[in-house]
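Notes follow once the structure below has been shown.
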Amino acid sequence: MVTHAASKQPGRITLPAIPALAVSATRAALLSAEGEVKLLPLEQAQMLLHKRAVLVCHAPYTRARLGMDDFLAYDVLELFAFVHPATFCVPTPAGLAKALGLSAPQTLEDYPFTLIEAAQALLSDLQREPRTGPKSDPLEVARVMGLQGKGWPWASYICAALGEEYDPAMPVITKVALNVWKYMPEWAEQAPPPPPAHYPVSTDETRARLAELLGPGSEKRTEQVEYASAITAAFAPKDDEDDIHLVLAEAGTGVGKTLGYLAPASVWTEKNDGAVWIATYTKNLQRQIDRELDRLYPDPAIKNRRVAIRKGRENYLCLLNLDEMTASAALAKDIRQVVAAGLMARWAERSRDGDLQGGDFPGWLAGLLDFKYSLALADRRGECIFSACDHYHRCFVERSI
32 MVTHAASKQP GRITLPAIPA LAVSATRAAL LSAEGEVKLL PLEQAQMLLH KRAVLVCHAP
92 YTRARLGMDD FLAYDVLELF AFVHPATFCV PTPAGLAKAL GLSAPQTLED YPFTLIEAAQ
152 ALLSDLQREP RTGPKSDPLE VARVMGLQGK GWPWASYICA ALGEEYDPAM PVITKVALNV
212 WKYMPEWAEQ APPPPPAHYP VSTDETRARL AELLGPGSEK RTEQVEYASA ITAAFAPKDD
272 EDDIHLVLAE AGTGVGKTLG YLAPASVWTE KNDGAVWIAT YTKNLQRQID RELDRLYPDP
332 AIKNRRVAIR KGRENYLCLL NLDEMTASAA LAKDIRQVVA AGLMARWAER SRDGDLQGGD
392 FPGWLAGLLD FKYSLALADR RGECIFSACD HYHRCFVERS I
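Residues are numbered in my numbering as their position in the sequence shown, beginning at 1, plus a constant of 31.
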């Protein structure tokens, strides 16, 4: 067990005394540090914010709307990604409010107030996060991201919330602070499992399982029951090793095809102690099947042991690529690299499967960090060195097999 040093003083939540900004297609709502909110044309907001610090939601979008780059953005979305990695959130002030349980803003003028409330709520959530156990210390990660006072603007406020004074002169060892993979579970080589048994699946078992998955009070669809019953024939025992039982089934939209084939497949796996592979043409269908399997395995721990989602290698974060980026973050000339190193490390530690193209990776995070510091960390060039890699036994790709 790893125990991080306790804070020397109680944490305090402070926010920068800067304006808060929300933009629409044609207007901007600007809340001054004194508490006055103004609705302005985008051109006027651009002049007022020239070379100033401002609280925003999704800095790249805000810069694109204003047509300017020369302001220092305190992006609440980045703070959300730090405090709640691997957590879904719509990247808008309203989405932040919903994710954090705050009152939903009703008008554009409400949005800047929501950003302040969201930032306060996030720092409060960070204070409540346990800092004991086998995981990285958010305080050390924030110090790295601060780049000795030249990097992430939220670093000092995170330190204050955790009861520490931010000292830009304090040396930080990036390789140690961002070494999140040491807290990840390892997988081990195992002997091949014995071949599955060959017990048949009856239509009565399939229909009973389908009813169980649908739950009481659900609408009974005759077409779905017939579809599931027809699929059952594919799981009949083989009379000969080379036999193939093939069922080509088709049904219209709304019939409930997903549960129709999950019902007999799940019965077969339980009776025969074997695995069923379900191949999909789209990632959307893959995510749909994953959600439907929550009915079969409502306990996440059990589902994690019984269900594996497989995608191509290029969909998963490569820990060696992350390692190389974090190792050079302290010397980065581009501030975005050190910010991305911290946020990607926090996400990798919390991620269920390291999937960069879906799952628990926020789609908007790549837009905040830049492609080369996020999605490009996957194995896209076939450079994997497999068992020669230091992270092989924690590799997301190998773990999914």
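Each residue gets a CB set at the ideal place from its N, CA and C atoms; glycine is no exception. None of these values were measured; they are calculated from a predicted model.
By the C-beta criterion, the segment 137-157 is judged not to be in contact with the segment 174-181, since fewer than 3 inter-stretch pairs fall below 8 Å.
With fewer than 16 other Cβ atoms from the protein chains shown falling within 10 Å of its own Cβ, glutamate 281 counts as exposed. In the structure shown, the three-state DSSP call for aspartate 106 is strand. Counting along the chain, the unbroken alpha helix (DSSP H) around leucine 316 starts and ends at 314-327. Non-local C-beta neighbours of proline 227 in its own chain, meaning closer than 7 Å and more than five positions away in sequence, comprise Asn303, Asp304 and Gly305, ordered along the chain. Restricting attention to Asp384, Val203 and Asp401, the CA atom closest to the CA of phenylalanine 427 is found in Asp384. In the DSSP assignment, valine 370 falls within the alpha helix (DSSP H) that extends over 366-381. The beta carbons of glutamate 323 and threonine 289 sit closer together than 8 Å.
One alpha carbon belongs to threonine 234, the other to arginine 240, and they sit about 10 Å apart. When Cβ pairs closer than 8 Å are counted between the two stretches, the segment 403-413 is seen to touch the segment 385-394, the count reaching three or more.
Within the same chain, Cβ atoms closer than 8 Å to the Cβ of alanine 376 are found at Ser167, Val172, Leu209, Val211, Leu353 and Thr357, the five residues on either side in sequence being excluded.
For alanine 53, the uninterrupted beta strand (DSSP E) run begins and ends at 51-54, by DSSP.
The C-beta of aspartate 106 has 16 or more other C-beta atoms within 10 Å across all chains shown, which makes the residue buried. Taking all protein chains in view, the Cβ of threonine 205 is crowded by 16 or more other Cβ atoms within 10 Å, so the residue is classified as buried. Here the segment 244-253 makes contact with the segment 283-298; the two share three or more CB pairs at distances below 8 Å. Around the CB of aspartate 101, fewer than 16 other CB atoms lie within 10 Å, so the residue is classed as exposed.
Look at arginine 252 here: in three-state DSSP terms it is coil, with no helix or strand label.
When the beta-carbon positions are compared, alanine 60 and glutamate 109 stay at least 8 Å from each other. Rounded to the nearest angstrom, the gap between the Cα atoms of proline 331 and aspartate 325 is 8 Å.
Of the candidates Ala186, Arg83 and Lys82, Ala186 places its Cα closest to the Cα of threonine 45.
Here serine 382 is buried, its C-beta having at least 16 other C-beta atoms within 10 Å. Out of Pro393, Arg94 and Arg341, the CA that lies nearest to the CA of tryptophan 308 is found in Arg341.
Note that the C-beta distance between histidine 276 and alanine 265 is below 8 Å.
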